[in-house]
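The structure under discussion appears below in the form of structure tokens.
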Amino acid sequence: GVDTETILQTRDLRKEFGGLTATDDIDFGIDEGELRCLIGPNGAGKSTFVKLLTGRLEPTDGSIYYDGSEITTLPSHERVTRGISIKFQVPSIYPNLTVRENIRIPLQTVADPANFEERTHELLERFHLAETGDEMASTLSHGQQQRLEIAMAMSLEPNLMLLDEPVAGLSVEETSEIADLLTTINEEDGVAFIVIEHDIDFVESIADQVTVLHQGEIFTEGSIADIRNDPDVRRIYLGE
Ligand code: ADP
Ligand code: MG
């Protein structure tokens, strides 16, 4: 239809750690199929915000709505079942299993046994991991490990992916490969994304709309071009 549907919305989402307010009553929403980047200086509250969305942290106050229902206190694994995929800075692959075995772990929770092997093969092919299928995940390059994690996430057929600094520590080539992968998944599979990222050039290569967090609050939102040229954003984020 012509209407865009909100896939995720927060209301007054707040997280305090002792006397420190990490997220300060955040009202944030994204539409189905949207690719949004979340930027902001260190300590802005980006990782905390995403951990509230995943259920890894419980909010002090406020609510989270996903796909029409409230999920504020829903356990993480149930959010995953409902289509929220989570990827953190620290890779969550199993280093002592082969690449193929890694793919099978999430896949076996959802795939029909009749097409299990076929789905495994498709995922290995799609994410350019077929040649490394029998290798230990620990032997993969950093970029290959990132692709393996994305493949594992995609095996669950998510509607929304949350990525915290997916290209931190990657080379220029690996970064552009991840940018291509994310935009392809967004466009071809219609998966919505919230991507936390420091690298403003990477942000520009993937996102149209950007939300800037600062001191636990939404500082501003807009197109990447507007954000880049906003003198207040340059002051707080780019240190100018
Ligand atoms: P960002 O990801 O934008 O760099 P974070 O969400 O990690 O910011 O942190 C926001 C603020 O909350 C920071 O001041 C940080 O020190 C604090 N903080 C984050 N996690 C914790 C925690 N588990 N305990 C106490 N303070 C925390
Ligand atoms: Mg962070």
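Under full-length UniProt numbering, the first residue of the sequence shown is numbered 18, with each subsequent residue one higher. The beta carbon of each residue, even a glycine, is placed where N, CA and C say it ideally should be.
Distance check for residue j and residue i, CA to CA, integer angstroms please.
i: Pro123; j: Leu173; result: 7 Å
i: Glu51; j: Phe133; result: 29 Å
i: Leu69; j: Ile47; result: 15 Å
i: Pro175; j: Val212; result: 15 Å
i: Tyr254; j: His138; result: 43 Å
i: Ala196; j: Arg117; result: 23 Å
i: residue 275; j: Pro112; result: Shown here, the chain extends from 18 to 257; a query on residue 275 therefore has no answer.
i: Gly85; j: Ile24; result: 7 Å
i: Gly131; j: Leu141; result: According to the sequence provided, residue 131 is Ala. The question's Gly does not apply to it. Distance between the alpha carbons of Ala131 and Leu141: 18 Å.
i: Val97; j: Thr115; result: 23 Å
Quick one: residues in its chain with C-beta nearer than 6 Å to the C-beta of residue i, no 5 flanking neighbours on either side, listed in chain order?
i: Asp42; result: Asp29 and Arg31
i: Gly100; result: Pro175 and Asn176
Quick one: what's got a C-beta closer than 8 Å to residue i's C-beta in the same chain, skipping five residues either side?
i: residue 1; result: Absent from the model: residue 1. The displayed extent of the chain is 18 to 257, so no value can be given.
i: Leu74; result: Lys32, Thr65 and Lys68
I think residue i touches residue j, with their Cβ atoms under 8 Å apart; what is that distance to the nearest whole Å?
i: Glu49; j: Ala209; result: 6 Å
i: Gln166; j: Ser93; result: Reading the sequence as shown, one finds Glu at residue 166 and not Gln. Not really, about 16 Å apart at Cβ, beyond 8 Å.
i: Leu230; j: Leu55; result: 6 Å
Can you tell me whether residue i is buried or exposed, with buried defined as 16 or more other CB within 10 angstroms of its CB?
i: Pro248; result: exposed
i: Arg121; result: buried
i: Phe236; result: buried
i: Ala39; result: buried
i: Ala170; result: buried
i: Val127; result: exposed
Going by beta carbon distance, what residues of the same chain come within less than 7 Å of residue i, once the five residues before and after it are set aside?
i: Glu194; result: Gly160
Any beta carbon of chain C sitting closer than 9 Å to that of residue i?
i: Glu33; result: Any reference to chain C falls outside this structure, which holds one protein chain only.
Subject >> Environment of ligand 2 in chain order, Cβ to heavy atom below 7 Å >> reply: Lys63, Ser64, Asp181, Glu182 and Ile213
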